[in-house]
Every structure is written in structure tokens, then in C-alpha cells.
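Q:
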Amino acid sequence: MVERQGLIVYIKQLKHAKSLRKFGHVHYISRKMKYVHLYTDLDDNMRVKERIEKLPFVKKVEVSYRPFVDTEYETVRPDKAKEYDYKIGL
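Residue -6 is where the sequence shown starts when you use this note's numbering, and the numbers rise one by one after that.
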């Protein structure tokens, strides 16, 4: 399976959102906030980011750090205060 990483591309006009399909898989287009969330291969991510930043209709490009965030936690048992709140029903 190929490792993927997300890019959030803020654009000036929504009509240019379709042209970003050639850079990766478009996952979501926000009409209200005018951004496109697309996935690219992890190996080509920085090269694609540089190419997208050079486009005239792009305001800003942000990289998603989700592949690098740990999703496994150290503690399995919840805190004592939380256990008490759960028993009360808060």
C-alpha cells in the first residue's frame, strides 16, 4: 500500500479546483472557505507542493501532518476523576 499525505490548498476562485486533480486525489472541496483537500504520494509530496504553490490562483498550501501523529496512546485506563464522572452520569 502506498503511503499518502494530505495537502490543503487555499484557492482564489472555485472554478480552478478541478484543475488540481492532475496533482493528486481530490478528497474534499470547501465552497465556503475556498480550499481543496487532496492526497498525494508521500514520496512526491514536497515536489507537488512546490508545483502547486507556483500556480497563479493558489493563495496558500499547507501540509497535513496526520501520517506522523501517533494514534496509539500509552495509558489504557481513564483517570480516576473521569471514572467518577461516568458513574454519576455527567
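Just so you know, even glycine gets a beta-carbon here, dropped at the ideal spot from N, CA and C.
For V41, does the three-state DSSP call read helix, strand or coil?
A: Here residue 41 corresponds to residue number 48 of the sequence shown, with the count starting at 1. Reduced to three states, the DSSP call for V41 is helix.
Q: Can you confirm whether the region 18 to 26 touches the region 43 to 56 when touching is taken to mean that 3 or more C-beta pairs between the two stretches lie within less than 8 Å?
A: Because the criterion of three Cβ pairs below 8 Å is not met, the region 43 to 56 and the region 18 to 26 do not touch.
Q: Starting from Q(-2), trace the beta strand (DSSP E) in both directions and tell me its first and last residue.
A: Looking up residue -2 in the sequence shown gives position 5. Unbroken beta strand (DSSP E) run through Q(-2): R(-3) to I4.
Q: I'd like the list of long-range same chain contacts for K42, defined as Cβ closer than 7 Å, with 5 residues on each side in sequence excluded.
A: Position 49 of the sequence shown, counting from 1, holds the residue named residue 42. Around K42: L0, V54 and V56.
Q: From what residue to what residue does the beta strand (DSSP E) around Y28 run?
A: In the sequence shown, the residue the question calls residue 28 occupies position 35. Element bounds for Y28: Y28 to D34.
Q: Taking C-beta to C-beta, are L35 and G17 nearer than 8 Å?
A: If you number the sequence shown from 1, residue 35 lands on position 42. If you number the sequence shown from 1, residue 17 lands on position 24. Not a contact, by the Cβ cut-off of 8 Å.
Q: What does a CB cutoff of less than 7 Å around Q6 pick up in its chain, not counting 5 residues either side in sequence?
A: For the purposes of this step, residue 6 is taken as residue 13 along the sequence shown, with counting starting at 1. Taken in chain order, the residues that qualify are F50.
Q: Decide if Y28 is buried, meaning its Cβ has at least 16 other Cβ atoms within 10 Å, or exposed.
A: Translated into positions along the sequence shown, residue 28 becomes position 35. Burial call: buried.
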